[in-house]
Structures are given as C-alpha cells and as structure tokens.
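Encoded as structure tokens, the structure appears first; notes follow it.
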Amino acid sequence: MQNYYKAYLREKAARDEVELLLEEKTSKLYALNVELEKKLTILQQQQIAVVQSEKMATLGTLSAGVAHEINNPLAYLTCNLETFAHYKDDINSYLTLMSRYTEGDLTDEQLIDQLKTLNQGINTRELTEDLEDIANDCQEGCGRISEIIKNLLDFAKPKQSDESIFEVKEVIEHAIKLLENKLKQVHLTSLSEEGLFISGSKSNITQAFINIFVNAVQACEEAKEKGLISQSKITVTVNQTESEYIIEFCDNGIGIPEDDISHIFEPFYSTKPLGEGTGMGLAVVYGILSNHKGSISLVNNIDNGVTVQVKLPKSKQ
Amino acid sequence: MKGIIFRCLEELVINTKGMDVWEQLLEKHCPEDRVYVSARSYPDEELVGLATSVSQALNLSMPETLKAFGTYLFGFLAKRHTSIVEEFKSFEQLIISIDDVIHQEVQKLYEEPNLPTIEAKIYDEHTIHLVYRSPRKLCFCAEGLIYGCAEHFNKTIKIEHPLCMHNGEKECLLKITHS
Ligand SMILES: Nc1ncnc2c1ncn2[C@@H]1O[C@H](COP(=O)(O)OP(=O)(O)OP(=O)(O)O)[C@@H](O)[C@H]1O
Ligand SMILES: [Mg+2]
Chain A
1 MQNYYKAYLR EKAARDEVEL LLEEKTSKLY ALNVELEKKL TILQQQQIAV
51 VQSEKMATLG TLSAGVAHEI NNPLAYLTCN LETFAHYKDD INSYLTLMSR
101 YTEGDLTDEQ LIDQLKTLNQ GINTRELTED LEDIANDCQE GCGRISEIIK
151 NLLDFAKPKQ SDESIFEVKE VIEHAIKLLE NKLKQVHLTS LSEEGLFISG
201 SKSNITQAFI NIFVNAVQAC EEAKEKGLIS QSKITVTVNQ TESEYIIEFC
251 DNGIGIPEDD ISHIFEPFYS TKPLGEGTGM GLAVVYGILS NHKGSISLVN
301 NIDNGVTVQV KLPKSKQ
Chain B
1 MKGIIFRCLE ELVINTKGMD VWEQLLEKHC PEDRVYVSAR SYPDEELVGL
51 ATSVSQALNL SMPETLKAFG TYLFGFLAKR HTSIVEEFKS FEQLIISIDD
101 VIHQEVQKLY EEPNLPTIEA KIYDEHTIHL VYRSPRKLCF CAEGLIYGCA
151 EHFNKTIKIE HPLCMHNGEK ECLLKITHS
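Structure follows, in structure tokens:
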C-alpha cells in the first residue's frame, strides 16, 4: 500500500509537471498569437496603403499616357494653325480691299487693279482648298482631345459606356488619321475590307490600335537610327475565321528579344529610355482587348521586325 | 468546469481522506477511466456530485464545503502560478483586479468560456464590495477563494453575504472587511 501511494504521488507529480509545461507553452502561444494579430492588422493596413498608392501610380502613368496621346492631335492642330496664321495676312488683304471698296474708298477699276496685283502673289484656289482642310483637321483634333479627356474622366468616374457596332476598317483608319504626323515617314499599307463589324467601345479600340502603331513606329525609328533599314514599313492586314477577325500589324522595326516577350504586357514594363516609355501602352491594350473578349500576341518576324496579332470576336449582328 | 479545479479537489481529498475515498468518489460520480487534466473541460455535474459527497463525508453543509474548498483552491492555484500572484502587492489589489487581470490570465491558459463576472470596488479603507455573477452560482466557492487570498497575504478578514443568488437575487453581493 505504501508503495502504491508513493507511485501515485510520483505519477501525480508527473501529471502536474506536464500540465505546467502545457500551461507555459499555452501562455507563450497566446503571447505570440497576440503579437501575430497585431502584425496582421499592420499588414492589412499596409496592404490598403499599397493598393491605394498603386492606383495613384496608375493614374499618374495614365495621365502621362494621356498627355502623350494629346500631343499628337495637338501637334497637327498647332501645325494647321501656323499655316492658317500664314494665310491670315493674305485673307486680310482681300477683305481689307473689299471693305475699302464698299466704303467707297476705291473705284471699280482700282479694286480690280489691286485684286489682280494681290492675285499674282497668292494662289487663291490652293488657299480655299487648304482652308477647308485646316478647318476639318482642327475640328478633328479638338474632337480627339476632348474624347481623350472624356476617356480619362471615364477612368476616374464610373464607366459610362460608348458601346456600339463599327467596322474594323473604320477604327484602323481613324487611328492612322490621328497618328498622321508620326506615320509621315512610314511606308504604310492598310489592307482591310469593308463590312467587317465588331462591337464594343470604338474609342477604346482606337486607343488600342494607336498604342500598337506607336510601338511599331518607335521600333522602326530605332532600326533606322541603327542603320538596319532605310525605310520604315508597317502593314496592317485583316483576316477572319468563323467567329473572329484577326488583325495583324507587321513592322520592320528593331524586333524584340524573345525573353522580353513574356513581360511586355506587364504594366510599367518598357525597354525604352527613361522618360520615353512608361510601359503602359501594351498593358492598356491588353486590358481593352480583354474587355472585348479579344486577345493580343506578339511574335518576331522571320526576317525583321515584329507582328502584333489582335483577335476580336465578330459582332453578333 | 476546467480540469484544474478537479485536480485541486483530488489533491485536497487525497491529502485529507486518502486515496481510497477519492477512488470511491470517482467511481460514484464519474465515467470509468476518468482522468482529470488541467486544461480540459469536464461536465459541471461531476463537480457538483463530487462536492455533494464530500460535504456528506465531512458532515458539512454544501456552502461550508465549497467555502473550504475555495480556500484550499487559492493556495493550490497560487502555488502553480506564482508569477501571477507575485504581481500583486496586497490583498486589496488582488481582489479588485480579479476581472481585469486574473480572469484575463485564466482565459489565456484555459480558454474558459463560462467565467463569472466579478465587480470589485473599494468601498472605504477597510471595506471592499464585490458583486458576483455566474450561472454556476458558486458564490460560496468565491468566498472561500477570498479567504484563501487573505491567508496568503496574512490578513484577517470577514465576509458578509447580504445578497445571494441562492435567495433569488440576480447577483451576489459580498462585503469584505479587512484590517
Ligand atoms: N512593335 C514592337 N517592336 C519591338 N518591340 C516592341 C514592339 N511593341 C512593343 N515592344 C516592346 O514592348 C515594350 C512594352 O511596350 P509598351 O507599349 O507597353 O510600353 P512602351 O512603348 O515602352 O511605353 P509607352 O507605350 O507607355 O510609352 C516596349 O518597351 C518594347 O520593348
Ligand atoms: Mg508603347
């Protein structure tokens, strides 16, 4: 009996010790858990901050992109207005003559005389034709700028959609028109049939094509600078399968290292010198095409340059 | 009820009455193979059953038994958790910190969901008023614990229990007078 009691005490002591050990561990675990929970809260707060700052960065880059897009129409607006300023003197001379005549300052003969003199220095036919063009271009440029600004506002505000059905050819031509300046030095071939309809946001698809064109032009310029080519060439073709259109933009530019291809759709990925490329171009294109249930891929051509392939589903109607 | 309380009862019974008595109690009130471990929870009825038998064996009333047990329980817990008790400089300080400190520690170690709520306020230099609320109505055990605490600090105290849940009140009031 005595021995059993001793054994019991021994076992009891063992149980006590194990329990103490358990309690010690539990209390350490508890302390660690409290610590972890604190860290988790901090982490969650930081995550919110990161998301916020990423948004701001995107907005920043987007504005940079917008500035860049606005620069094109702005450039041809400026150019047209310069021409217009130049014509203004000529037009003024005619108008002054007319008002002097109506005010009785000039006789019929004097008017005809002076008109003839003026007409020797000015090609009035060219002038009227040009004025027409200038007015159209300026309107188009302003329209584009307000569209871009509308797009930026759309990004900031909830999206109001500009969904419609439109032709592939129309958007390609629109993009080319808007990039007229940049494409001046490029031998551009655009082969697109009429009547190929897609649906979605016309301005966004235009934006996507513009970004692709700009990249192609930049790649060609670089190849030219390096003396690899003497003439920039960009060819746009449109083919179709049963369900989609395949639009290919083929350039003879500098090309792209195979390893880089997997990164080009990442936001902020750019191989261009600091300050020239924000690296948002293709990321934006990717986003726009995804929204249209389309896709984009890029491959090096066998000879030189790159072909960008865009697939967009045919419009149901 | 947490195993730690049963462990204390086990120690008390074996020390005072011997192993045989404890074995008989276990056989009477508990499932076979019952082993108490501090951090586990066991049915309240087991404790009530054990305590009832103990009170009969000792020829004491239930309140008296619980009081005696509470007194012993304080020493038992203090011995196991010296660092917690050492945080308190005085009897008074410990009593008023039951809810904020002691029960906090209990929660950490044992995750007990059914702790009583204790509101202790210093009434005057020599008096503490303590309100006890618990569906278990173990106010006499609480009284015992307070006596045990006083013993630990070498204090002589007196507890009055003018309001009691056992008399249909929704809470108990303990008036503790100390020197
Ligand atoms: N036609 C192309 N030929 C060669 N490389 C290209 C072509 N298009 C894109 N790339 C590569 O993909 C990268 C990412 O293009 P992306 O349009 O996203 O950014 P970016 O042109 O550098 O900057 P951003 O368009 O924002 O001004 C480019 O830096 C370039 O290296
Ligand atoms: Mg780009």
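Protein chains in written order, with UniProt numbering: chain A, 1 to 317; chain B, 1 to 179. Every residue, glycine too, gets a C-beta built ideally from N, C-alpha and C. Computed from a predicted structure; not experimentally measured.
Reduced DSSP category for residue i - H, G, I as helix; E, B as strand; rest coil
| i | result |
| --- | --- |
| E23/B | helix |
| E23/A | helix |
| H86/A | helix |
| G279/A | coil |
| A156/A | Unreliable positioning characterises A156/A in this predicted model, as indicated by a pLDDT of 48, which lies under 50. The coordinate reading is nonetheless provided below. A156/A: helix per DSSP, three-state reduction. |
| V85/B | helix |
| D251/A | strand |
| Y36/B | coil |
| Q45/A | helix |
| P313/A | strand |
| Y245/A | strand |
| residue 337/A | Not covered by the structure: residue 337/A. The range shown for chain A is 1 to 317. |
| C172/B | strand |
| residue 375/A | Since the first and last residues shown for chain A are 1 and 317, residue 375/A lies out of range. |
| S164/A | strand |
| I256/A | coil |
| R136/B | coil |
| I134/A | helix |
| L130/B | strand |
| I148/A | helix |
| A51/B | helix |
| S99/A | helix |
Host beta strand (DSSP E) of residue i (start-end)
| i | result |
| --- | --- |
| H161/B | 157-163 |
| H292/A | Unbroken run through H292/A: none, as it is neither H nor E. |
| N119/A | Careful: N119/A lies outside any beta strand (DSSP E), inside the alpha helix (DSSP H) at 108-121. |
| A120/B | 117-124 |
| V236/A | 232-240 |
| F153/B | From DSSP, F153/B is part of no beta strand (DSSP E); its letter is neither H nor E. |
| L9/B | Element bounds for L9/B: not the beta strand (DSSP E) but the alpha helix (DSSP H), 3-17. |
| V106/B | Looking at the DSSP string, V106/B is not in any beta strand (DSSP E); the run it does join, the alpha helix (DSSP H), is 103-110. |
| L188/A | 186-191 |
heavy atom of ligand 1 below 8 Å from residue i C-beta
| i | result |
| --- | --- |
| K272/A | yes |
| Q218/A | yes |
| E248/A | no |
| H68/A | yes |
| D260/A | yes |
| V236/A | no |
| E225/A | no |
| E129/A | no |
| F265/A | yes |
| I91/A | no |
| D251/A | yes |
| G287/A | no |
| residue 329/A | Within the shown structure, residues of chain A are numbered from 1 to 317, placing residue 329/A beyond reach of any answer. |
| G195/A | no |
Chain A contact for residue i (CB, 9 Å cutoff)
| i | result |
| --- | --- |
| H103/B | no |
| L109/B | yes |
| H81/B | yes |
| R136/B | no |
| M19/B | yes |
| E11/B | yes |
| I14/B | yes |
| V37/B | yes |
| R7/B | yes |
| I118/B | no |
| I157/B | no |
| M1/B | no |
| residue 180/B | Residue 180/B lies beyond the stretch modelled for chain B, which goes from 1 to 179, so this question has no answer here. |
Contact with chain B by residue i, beta-carbon distance below 9 Å
| i | result |
| --- | --- |
| K12/A | yes |
| L20/A | yes |
| E23/A | yes |
| D16/A | yes |
| F155/A | Its pLDDT being 46, under 50, F155/A is placed unreliably in this model, and the coordinates cannot settle the point. |
| Y4/A | yes |
Enclosing alpha helix (DSSP H) for residue i [first to last residue]
| i | result |
| --- | --- |
| R80/B | 62-80 |
| A208/A | 202-225 |
| N59/B | It is not in any alpha helix (DSSP H) - N59/B carries neither H nor E in the DSSP assignment. |
| I96/B | 91-96 |
Proximity test, residue i beta-carbon vs ligand 2 heavy atom, cut-off 8 Å
| i | result |
| --- | --- |
| N211/A | yes |
| V214/A | yes |
| G121/A | no |
| G200/A | no |
Integer Cβ distance of residue i from residue j, believed to fall under 8 Å
| i | j | result |
| --- | --- | --- |
| V306/A | G227/A | At roughly 19 Å, the Cβ-Cβ gap does not stay under 8 Å, so V306/A and G227/A are not in contact. |
| Y132/B | E171/B | 6 Å |
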